[in-house]
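If you read the sequence shown in my numbering, its first letter stands for residue 28, the second for the next number, and so on. We put the CB at the ideal spot given by N, CA and C, even for glycine.
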Amino acid sequence: MAKHETQVVVAGHICLDIIPTFEGGGAGDFGSLLKPGKLVNVGRATISTGGAVSNTGLALHRLGLPTALMGKVGDDVFGRAILDLVGQQSAELVEGMSVESGEQSSYTVVLSPPGIDRSFLHCPGANDTFGRDDVNYDLLAGSPRLFHFGYPPLMRRCYADAGLEFAAILKRVKDIGLTVSLDMARPDPDSPAGRADWPAFLANVLPLVDVFLPSLDEILFMLDRPLFDRLSERTGGEVMRAVDADLLDDIAGRLIAMGPPVVALKLGDQGLYLRVSDDVSRVAGIGRCRPADPAAWAGRRMLGPCFEVNVVGTTGSGDCTIAGFLAALLKGLSPEQTVCSAVAVGACNVEAADAVSGVRHWDQLQQRLSAGWPRKPVGLDLGNWQWDDPAGVYLPR
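Structure follows, in structure tokens:
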């Protein structure tokens, strides 16, 4: 893949994941496992890249889309490991990466002993200083049609000051003519990011976004914290149990009014919900990756349920779902085909323990879809929505 062939650039959060293997039976809790002064023997460590840049970017690459990555690392051992691991997939993937002298690269230690819920030790590192000077605008001015950014809530400079620095990045990308897509992440409520003014962030950033692809729970947390807290309290923290078609329509409609004409809400094992602005001109004006037929997208609402698979792991499933959506958009597919492709890539992801190795080439994915692939039932209250079997989605009557 030469630089001029790049179709999609994935920017944002990237880190090195270090996952030691705990051997033997469960210890009951971390308190008994990690006593002060105790030496805990562990096995082989799995080392991999993580974050939206790695997960969504490598998934797009595995689907066969010419992709470039734009993340920030330091000139340290972890940074070199990140570049090496990504470069093993394709040397061209790292051409847009920023390496900053003296910076600490981001890493996460994943502690997952048998029988105990996972815990994470995370260093945000260079992600926290990512700003407008870390974007390779010369690369964007070439052949890329789509710019996807992931996880700004985990990147301090991007969410600080109600996202003004981040908005400056997106404005410059939009001025070049690219379609801008955005994915979020839910921060720790007790962290500085959790206390940020997220409604103000969304007000500053969303007018510069064309395709918005958050998870429902994270965008509820940011857009309407009182509603999120009420639903969380009512459901014991399982917000998806309170979701219905009216809530999906309402949240997506509010987001569309703030800027992005295309909103897709990730619903975990309930699938993917899509709503598009009624204004054809807004859909047609989203940049180089505009739909082949904007009128076929305008005003559409649909929900694509997940496919039946043997779930091995869910790491990166949302990121891979996004990769499927963006790949279909780049290929000019219909909204129904785009939603089905998105949940199909997400389904392939969960068939493997890691974030991307389950993702197949686009041609193999389409063969699997055309062969007939059973869907999982949807547990949400969809009211008078009905199943459209040829399209593979639920549609409002």
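Under the three-state reduction of DSSP output, Leu138 falls in the strand class. Three or more beta-carbon pairs separated by less than 8 Å link the region 332–347 to the region 371–385, which places the two stretches in contact. Here the alpha carbon of Pro151 sits roughly 42 Å from the alpha carbon of Trp412. In the three-state DSSP reduction, Ala38 falls in the strand class (E or B). Each of Pro423, Leu330, Pro401 was checked against the Cα of Asn337, and the nearest Cα belongs to Pro401. Listed in chain order, the alpha helix (DSSP H) elements of length 4 or more contained wholly in the region 289–373 are 307–311, 321–324, 344–357.
For His88, no pairing in a beta bridge is given by DSSP. The C-alpha of Ala195 is placed about 33 Å away from the C-alpha of Gln364.
For Glu127, the number of other beta carbons within 10 angstroms of its own is at least 16, and it is reported as buried. Within 10 angstroms of the beta-carbon of Arg71 lie fewer than 16 other beta-carbons, which makes it exposed. The alpha-carbon separation between Pro171 and Gly64 amounts to approximately 53 Å. Assigned with DSSP and collapsed to three states, Gly114 falls in helix. A direct Cα-to-Cα measurement between Gln297 and Val270 gives close to 10 Å.
Contact annotation: the region 382–395 does not touch the region 307–325, with fewer than three C-beta pairs closer than 8 Å. Close CB contacts of Leu409 within its chain, under the 8 Å cut and outside five residues either way in sequence, are with Asp271, Ala272, Leu330, Tyr421 (chain order).
For Val232, the enclosing alpha helix (DSSP H) has its first and last residue at 225–232.
In this structure, Leu112 keeps its C-beta atom at 8 Å or more from the C-beta atom of Ala350.
Exposed is the label assigned to Tyr164, since fewer than 16 other Cβ atoms lie within 10 Å of its Cβ. Across the structure, Met285 and Thr48 are spaced so that their CA atoms are roughly 45 Å apart. About 24 Å separates the CB atoms of Ser218 and His175; that is not less than 8 Å, and the two are not in contact.
In the DSSP assignment, Ala72 falls within the unbroken beta strand (DSSP E) covering 72–77. Rounded to the nearest whole angstrom, the C-alpha separation of Gly280 and Trp324 is 15 Å. The C-alpha of Met249 lies about 11 Å from the C-alpha of Pro216. Cβ-Cβ distances below 7 Å link Val104 to nothing in the same chain once the five nearest sequence neighbours on each side are left out. Looking at the DSSP output, Cys375 sits in no beta bridge, so it has no partner there.
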